[in-house]
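Worksheet for the structure shown next.
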Amino acid sequence: MGNIRDSLSELRKRNAYLDTSIYISGNHLLEIDHCRKIIEYNDVYVKVKTPTVIVSVWGSGLTISDYNTDGIVVNGKISSVEFEEV
Amino acid sequence: MLGSLGGIISAEVTGENCEKILNGLKENGVMYEYCQYTGKSVRLSVKRRDFKRLCSISEKLGMVCTAKEKRGAYFTAAAYVKRVGVYIGVICGLFLITILSNTALDIEIYGCQNVSEERILTALRNSGIKVGTFIPNVNLRKVERNIAIAEDELSWIGIRNIGCRVLVEVSETVYPPESVPSNHPCNVVSERDAQVVYAEVYNGELVPMLGEAVCRNDLLISGTCEGKYGNTRLVHASGKIIGRYTEKQVFTQPLTYIDRVEDETVNIRQLYIGGLRIPLCGGKAPISEDMEITEAENPFRFMNLTLPAGIVVSEYRPFHPEQITVLPETAFMKIEDKINIFEQNFIENGDVQIIDKEIQKNLTDTEAKIVVKYTLEGNIGCEREIFSGKNDYFFSETP
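Okay, here's the thing in structure tokens:
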């Protein structure tokens, strides 16, 4: 029963575009959709919680822009991106 | 861009755990840009109208918010609010725009072929439209009616204005060609004394035989036809009668004559704004009784639009009379040039053929003369109404 519910939930997320999507342009721009909360932020590290995953961005001179579209844009010199299950 | 027209404030929020302020802004739907971490504070840009909300959210979270930089059109304009000169400038600008966009600075005429532009400009001037006229004071429809009534050669005139440009569109009257209507009975008579060499009759009855000589006004094709039973009917005679005839032309060239000799051309530049002309530094207009002047307007252009201002280059070509003496050979060459021009313009241009040409040269002390006797072949028939009174064949006077 649990498996069916999980697969239905997964299907719903995919079809309704509720899954987290990330767009990376080079190593200077990263867009994260469906951003719930900024857990931690400083100029070398940004940790963001999304409905499905926690995204950690490492780099230097990181800045955040929030255009109020349920997502954030991270600018700066990005060195690595890590993912962690919620 | 956060709508820089409305103004953008770059603020610094100081306090522990700067992530709190970012999450607080997200929850309250406040947009921010370029959030930068600077140790114990974050610096971010928000819209002017969101700054108060940023301050209140910061206060709730125990943080301190201060504005560091204000930029955008709103703040730039706010710096000039108390300057009276700006208001005076804006009012003067609006006044000038209103006045200039309702004042005729340029009159453009379209559709002229036979009627000269000067004539239409004069008619417009008489009706009150000229450069400098305040357009709302003129009833354009009334002017259109007045000019259409006054000028017979114009069948229609339309006047409208686009800002300071007055556009005049005219349509000229097209007169029907003078000819006998095809349903009127008429004869075809001879235009000149000739020998008939060829005849093509489309309607009517041919009177002379081929090879016969005819005089001017002699009947060539009769429009009065007799029927099989003796009845008479009148038709519109038509046809092509080719006749051979002679024509004498005399060309002369004085050996000493006064000719126009062109002096040095002078170009003068003027700046024109509407109807006003301001001379620019350059030459001075020559004073001469005999002078040809051509003007070329080079209007200024802005964004593909032609402005009612520009540079006029006036070219003055003065002439002075000078007595010239030529040798007889040169005089005869000049006459031959005249003969060629005459033949091109008056003979070969139509459907007349030169069959023969006799040239007789004469030279006196004062002039050279060439008498040319042409033998030509061409259409000699012309239509003439039977019952039209003075043009009537039966009552016409033979010259």
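Protein chains in written order, with our numbering: chain A, 4 to 89; chain B, 23 to 421.
The C-beta atom is built at its ideal place from N, Cα and C for all residues, glycine as well.
Around the C-beta of Asp240 (chain B), 16 or more other C-beta atoms lie within 10 Å, and the residue is accordingly described as buried. Considering only beta carbons, the part of the segment 41 to 56 of chain B lying closer than 8 Å to chain A consists of Glu41, Leu44, Asn45, Leu47, Lys48, Gly51, Val52, Met53, Tyr54, Glu55 and Tyr56, in chain order.
About 20 Å separates the Cβ atoms of Ile27 (chain A) and Leu21 (chain A), ruling out a contact at the 8 Å cut-off. At a cut-off of 8 Å between beta-carbon atoms, Tyr294 (chain B) makes no contact with chain A. Under the Cβ criterion of 8 Å, Ser68 (chain A) is counted among the residues facing chain B. Taking a cut-off of 8 Å for Cβ pairs, the segment 165 to 176 of chain B and the segment 108 to 126 of chain B do not touch, as fewer than three such pairs fall below it.
In terms of CA proximity to Gln375 (chain B), B:Glu399 leads the group B:Glu399, B:Ala390 and B:Ile392. Residues of chain B whose Cβ lies closer than 7 Å to the Cβ of Tyr44 (chain A) are, in chain order, Cys40, Glu41, Leu44 and Tyr59. Under the Cβ distance rule, Ile57 (chain A) does not count among the residues neighbouring chain B, no pair being separated by less than 8 Å. Boundaries around Ala390 (chain B) are those of the beta strand (DSSP E), Glu389 to Asn401, since no alpha helix (DSSP H) includes it. If the five residues before and after Glu91 (chain B) are omitted, its C-beta is found closer than 6 Å to the C-beta atoms of Ser32, all from its own chain and listed in chain order.
Scanning chain B for C-beta atoms nearer than 7 Å to the C-beta of Ile41 (chain A) yields Glu41, Leu44 and Asn45, reported in chain order. Counting C-beta pairs with one atom in each stretch, the segment 355 to 362 of chain B and the segment 312 to 319 of chain B have fewer than three that are closer than 8 Å, which means they do not touch.
Counting along the chain, Asn320 (chain B) sits inside the beta strand (DSSP E) bounded by residues Asp312 to Phe324. Taking 8 Å as the threshold, the shortest C-beta distance from Asn71 (chain A) to chain B falls below it. Put simply, the segment 55 to 66 of chain A does not touch the segment 46 to 53 of chain B. Fewer than three CB pairs are less than 8 Å apart. Spanning the alpha carbons of Gly185 (chain B) and Gly154 (chain B) requires a straight line of approximately 13 Å.
In this structure, A:Ile57 is the residue among A:Ile57, A:Asp9, A:Ile25 and A:Glu85 with its C-alpha nearest to the C-alpha of Lys40 (chain A).
Exposed is the label assigned to Arg163 (chain B), since fewer than 16 other Cβ atoms lie within 10 Å of its Cβ. Note: Gln382 (chain B) is bridge-paired with B:Val393 in the DSSP secondary-structure output. Secondary structure of Ser24 (chain A) (DSSP, three-state): coil. The residue from B:Met85, B:Ile346, B:Ala99 and B:Ile171 with its alpha-carbon nearest to that of Thr195 (chain B) is B:Ile171.
The beta carbon of Lys80 (chain A) sits closer than 7 Å to the beta carbons of Asn30, His31, Gly62, Ser63 and Gly64 from its chain, once the five residues preceding and following it are set aside; these are given in chain order.
Taking every protein chain shown into account, the CB of Lys250 (chain B) has fewer than 16 other CB atoms within 10 angstroms, so this residue is exposed. Close CB contacts of Gly150 (chain B) within its chain, under the 6 Å cut and outside five residues either way in sequence, are with Val160 (chain order). Residue state for Ile290 (chain B) is assigned as strand, using DSSP reduced to three classes.
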